[in-house]
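Residue numbers (our numbering): 10 to 74.
C-beta atoms are modelled at their ideal positions from N, C-alpha and C, and glycine is treated no differently.
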Amino acid sequence: MITLLRFAGLGLALVVALLFAVFVGDQGPWYFAWAVGTVMIILVAAAGGVLFDAQADASVSEGEF
10 MITLLRFAGL GLALVVALLF AVFVGDQGPW YFAWAVGTVM IILVAAAGGV
60 LFDAQADASV SEGEF
């Protein structure tokens with residue numbers, strides 16, 4: 010059942026992506042690059058925050074501060 014729902018979700022994502030590509034036309038690559046870039050910036054910022062917290066916790070437990 011989970012596999013069926015997963016395939017249905019992926020199929021829906023495919024249909025939405027195809028409709029989006031048809032509607033935006035020639036500007037599709039620009040929108041794609043913008044979306045991918047935005048997601049990458051968010052992920053890099055989140056990873057930086059996680060690393061900062063991990064380093065701060067490690068330095069507090071070692072007694073540096």
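Three-state secondary structure (DSSP) of residue i
i   : result
M49 : helix
Straight-line gap, residue i to residue j (C-alpha atoms, nearest Å)
i   : j   : result
Q64 : V48 : 24 Å
A56 : D62 : 10 Å
F41 : V53 : 18 Å
G58 : I51 : 11 Å
A17 : L28 : 17 Å
A30 : T12 : 27 Å
Q36 : M10 : 38 Å
Residues near residue i in its chain [Cβ-Cβ closer than 7 Å; skip 5 each side]
i   : result
G34 : none
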